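Asker:
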Amino acid sequence: MVERDFWSWSVGCEACGTRGRVDLSEWDDPLAEPYGFRVDVVSPGFVVKHYGRTGLDTAIACASCGAVVRDVLGRPGETPQP
Ligand SMILES: [Zn+2]
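Here the working numbering is used: the first residue of the sequence shown is 1, the next is one more, and so on.
#1: Sort Asp28, Leu31, Ser43 by Cα distance to serine 10 and report the nearest one.
#2: According to DSSP, is aspartate 57 helix, strand or coil?
#3: In whole angstroms, what separates the C-alpha of phenylalanine 46 from that of methionine 1?
#4: By how many angstroms is the C-alpha of tyrosine 35 removed from the C-alpha of alanine 15?
#5: Please report the Cβ distance between arginine 19 and serine 8, rounded to the nearest whole angstrom; I am assuming they are in contact, meaning their Cβ atoms lie under 8 Å.
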């Protein structure tokens, strides 16, 4: 049985000093399709700016000032394809 893989990001807004955490999870199987990626918890003060298929494709922003604190990797431009 495939289990879920959990991890988290520490996020901080340089503009207004808000700090928080984002908890994420996905199926612990690189061949799983879909990956079952999910943003489980976002600390108060932050929002999911872009919800992607994986963590690499997901961006988090500060809810107070709108600053992006974790951007989609590969921006600007195309998200790298495997
Ligand atoms: Zn901020």
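We put the CB at the ideal spot given by N, CA and C, even for glycine.
These numbers come from a predicted model, not from an experiment.
Answerer: So, from the data block:
#1: Proximity to serine 10 across Asp28, Leu31, Ser43 peaks at Ser43, based on C-alpha coordinates.
#2: Secondary structure of aspartate 57 (DSSP, three-state): helix.
#3: One Cα belongs to phenylalanine 46, the other to methionine 1, and the distance between them is close to 33 Å.
#4: Using only the alpha carbons, I get a separation of about 33 Å.
#5: The Cβ separation is near 13 Å, so there is no contact.
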